[in-house]
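From first to last, the protein sequence lines are chains C and W.
Read the first sequence against our numbering and you will find it ends at 785, with the numbers running on by one and no gaps.
Read the second sequence against our numbering and you will find it ends at 161, with the numbers running on by one and no gaps.
We put the CB at the ideal spot given by N, CA and C, even for glycine.
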Amino acid sequence: MSPQIPEAAELVIIGAGPAGMAAAIEARAAGTEVLLLDETSAAGGQIWRAVGTAPEARKTLLGKEYAAGAALVSEFAACGAQHVSGVSVWGVMPDENGRLRIGVRHNCAARLIEARAVILATGAQERPLPVPGWTLPGVMGAGAAQIALKSGGLLPEGRCVLAGVGPLLYLLADQFLRAGIIPAALVETPSPHRRTALTHLPGFLRAPTFRKGAGLMARVRRKVPVIAGAEALEVRGDSKAKALRYKRGGAWQEIEADLVLLHAGVVPSLHLSVAAGVPTRWNDVLRCFEPETDELGATAIAGLYIAGDGAGIGGAERALPSGRRAAQAALEHLGHNIDPARRDAARKDWHKADLGRAFIDRWFAPPPALLAPRGDTLACRCEEVTAGAIREAARLGAPGPNQLKTYLRCGMGPCQGRMCAASITEIMAEETGRTPAELGHLRFRTPVRPLSLGELAQLPAGENARRAVLGDAELPDTPLPLPPRAR
Amino acid sequence: MFRRDPIPPGEAIEILLDGAPFTARRGDTVANALLAGGITRFRDSVVSGAPRAPYCLMGTCFECLVTIDGTPNRQACLVTVEAGMRIERQSGAPSMLPESKA
Chain C
299 MSPQIPEAAE LVIIGAGPAG MAAAIEARAA GTEVLLLDET SAAGGQIWRA
349 VGTAPEARKT LLGKEYAAGA ALVSEFAACG AQHVSGVSVW GVMPDENGRL
399 RIGVRHNCAA RLIEARAVIL ATGAQERPLP VPGWTLPGVM GAGAAQIALK
449 SGGLLPEGRC VLAGVGPLLY LLADQFLRAG IIPAALVETP SPHRRTALTH
499 LPGFLRAPTF RKGAGLMARV RRKVPVIAGA EALEVRGDSK AKALRYKRGG
549 AWQEIEADLV LLHAGVVPSL HLSVAAGVPT RWNDVLRCFE PETDELGATA
599 IAGLYIAGDG AGIGGAERAL PSGRRAAQAA LEHLGHNIDP ARRDAARKDW
649 HKADLGRAFI DRWFAPPPAL LAPRGDTLAC RCEEVTAGAI REAARLGAPG
699 PNQLKTYLRC GMGPCQGRMC AASITEIMAE ETGRTPAELG HLRFRTPVRP
749 LSLGELAQLP AGENARRAVL GDAELPDTPL PLPPRAR
Chain W
60 MFRRDPIPPG EAIEILLDGA PFTARRGDTV ANALLAGGIT RFRDSVVSGA
110 PRAPYCLMGT CFECLVTIDG TPNRQACLVT VEAGMRIERQ SGAPSMLPES
160 KA
């Protein structure tokens, strides 16, 4: 039985990953009432998915850094924050009184929660890699395969190939090796920023990630054929993946595969912040939009803060102090005085965790050509809009991604543009010669998660809604029926 | 595509997939249960009818949409299995008209 959700809270935190948990612990230490909402069934986020319930043997297999998450999950559970799991948040809406209303779906009913401050800690999503054949069963994100391993102990069966760019490809390959699975290949597409990455090498050499990363890559390279310098990728198959093809030195080669795991880094989850009205900026190295925040995570909207990867990719290590800093800013907004020593400690931890980031960002940046597909490749998976159709509409003079949505329906399916928004901007940029910063991205609007009319109808009717339907007549005394299949 | 690791899994529970008995493990998400049980096609796309399966497993891609206990378009990766749960795979776009009784 899920606990009831209160109608109001001083501070609401959305997301139970490292940033959200760290923010909750910080705010509870100051005695503030905290409500934390999370979509999954247990705290941990994707990085520490299921760490609270994972058997020891699986924790060993996944590595020390995964197992370390259990301590924070316990600390969070004991901090006194109210944690409601299995809640989908579909909007954060500033109201005219300077408060924030949070739209949620819980037990098949929509509800509104009022908060004086909100911290979005919704993290990142894996960057979609729209290569030909990427919609076939048997193709998924490397991050998805890792979630399957963390949350369900699932391991690849048959021939598995990892492809793309990013440290996760090596981390996952290493975890597979520990589980006795040898990937058939790891095909790397090179970052265009490797030369400038080297200017940031000194910082990386001092970072704890350096030794860990170097050891990891060496272990993987000993056991897994690593094919570097692939210029293009495609997946072949009819009703499921059969092979990964890659182009190298101008020639195509093919590797048989039952499971193709694609990866090109992660990007901030933007839907909630953008729908709330937070402006975004373009990051030209990571090729993604990020919400505009100050260094503590404060946004243009009073009382709304963003912590962790959702504010800009920095990884779990940096998400922890980022959560603490956002909580301190939110506490100040709520009228608390922050101990300068505590503020300083969080800032120092943030900078320590940021060491090496500039190098990693550039060394593992995605090659732009891979992000702007052509021809029959589907850019929008939901509505099945091809890259070619988007290119043609861009050439016809569509001024931006939102007009393309009107022309072609791209971004109008159930994922609400999560899988195609980036590709649409990339394709338009290539086709028109304008920069992604100029073009912008699809507009994300509330509700940012699907909500059925039956669920929406469970919202208590406000005065305006009542007047719109009933005029001056009295509200009849019959409660709305629950959806017939509500569980 | 997937198999379970050798670590002892949770208790076996029975669910129904397209009306036939299907074994899941307590604590599984619906998506993990189906993947571990060898299901490669989760649905047929609503536009062309092409087979689809989960891409992200974190609530982002909506490729894992299935009908759960009569409610269509539930994200299989976000729902935990329960004994007796009825899962149906969706094929193509739903009809907007009520099903005829003919």
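Check	Outcome
Please determine if the region 748 to 757 of chain C and the region 406 to 424 of chain C are in contact, where contact requires at least 3 C-beta pairs separated by less than 8 Å.	yes
At the 8 Å Cβ level, is Cys123/W part of the contact set with chain C, yes or no?	no
Would you identify the three-state DSSP class for Gln302/C, choosing helix, strand or coil?	coil
Expressed to the nearest angstrom, what Euclidean distance is found between the alpha-carbon atoms of Val786/C and Leu334/C?	Nothing about residue 786/C can be reported from this structure: the residues present for chain C run from 299 to 785 only.
Using a Cβ cut-off of 9 Å, pull out every chain C residue sitting near Asp77/W, in sequence order please.	Near Asp77/W there are no residues of chain C at all, since even the closest Cβ is about 16 Å away, more than 9 Å.
Out of Pro67/W, Leu75/W, Pro68/W, Arg63/W, state which residue places its alpha-carbon closest to the alpha-carbon of Gly129/W.	Leu75/W
What separation, rounded to the nearest whole angstrom, lies between the Cα atoms of Pro392/C and Glu122/W?	32 Å
Figure out for me which residue from Lys650/C, Ala667/C, Gly711/C, Glu424/C has the closest Cα to the Cα of Arg504/C.	Lys650/C
At which residue ranges does the region 664 to 723 of chain C contain complete alpha helix (DSSP H) runs of 4 or more residues, listed in the order of the chain?	666 to 669, 685 to 693, 699 to 706
What residue does the alpha helix (DSSP H) around Leu768/C start on, and which one ends it?	761 to 768
In or out: Val140/W buried (at least 16 other Cβ within 10 Å) or exposed?	buried
Is the Cβ of Asp556/C closer than 8 Å to any Cβ of chain W?	yes
Over the uninterrupted alpha helix (DSSP H) stretch that includes Leu786/C, give me the two end residues.	Nothing can be reported for residue 786/C: it is not among the residues displayed for chain C, which extend from 299 to 785.
For the region 385 to 433 of chain C, which segments carrying the beta strand (DSSP E) assignment without a break, of at least 3 residues, lie completely within its bounds, in sequence order?	386 to 392, 398 to 404, 407 to 418, 422 to 424
In this structure, does DSSP put Phe587/C in helix, strand or coil?	strand
Compare the Cα-Cα distances from Arg689/C to each of Leu702/C, Leu531/C, Ala375/C and report the closest residue.	Leu702/C
Measuring CB atoms only, is the region 603 to 619 of chain C touching the region 307 to 323 of chain C, in the sense that at least three cross pairs come out at less than 8 Å?	yes
What does the alpha-carbon distance come out to for the pair Asp582/C and Ala530/C?	21 Å
DSSP on Asp472/C, reduced to helix/strand/coil?	helix
Please report the distance separating the alpha-carbon of Asp283/C from that of Val310/C.	Any answer about residue 283/C is impossible in this case: the structure gives chain C only from 299 up to 785.
Are the region 532 to 542 of chain C and the region 426 to 446 of chain C touching by the rule of at least three beta carbon pairs closer than 8 Å?	yes
Could you say which of Arg414/C, Met726/C, Leu447/C lies nearest to Gly633/C if we only look at CA atoms?	Arg414/C
Please compile the residues from chain W whose C-beta is within a distance smaller than 8 Å of the C-beta of Leu452/C.	Phe61, Arg62, Arg63, Asp64, Asn91, Leu94, Ala95
Within 8 Å of any Cβ in chain C, is that where the Cβ of Val140/W sits?	no
State the start and end residues of the unbroken alpha helix (DSSP H) segment that holds Ile323/C.	316 to 327
Against chain C, does Asp87/W count as a neighbour if the rule is that its beta carbon must be under 8 Å from one of theirs?	yes
State the DSSP-derived secondary structure class of Arg100/W, mapped to helix, strand or coil.	coil
Mind checking who Asn581/C pairs with in its DSSP beta bridge?	Cys586/C
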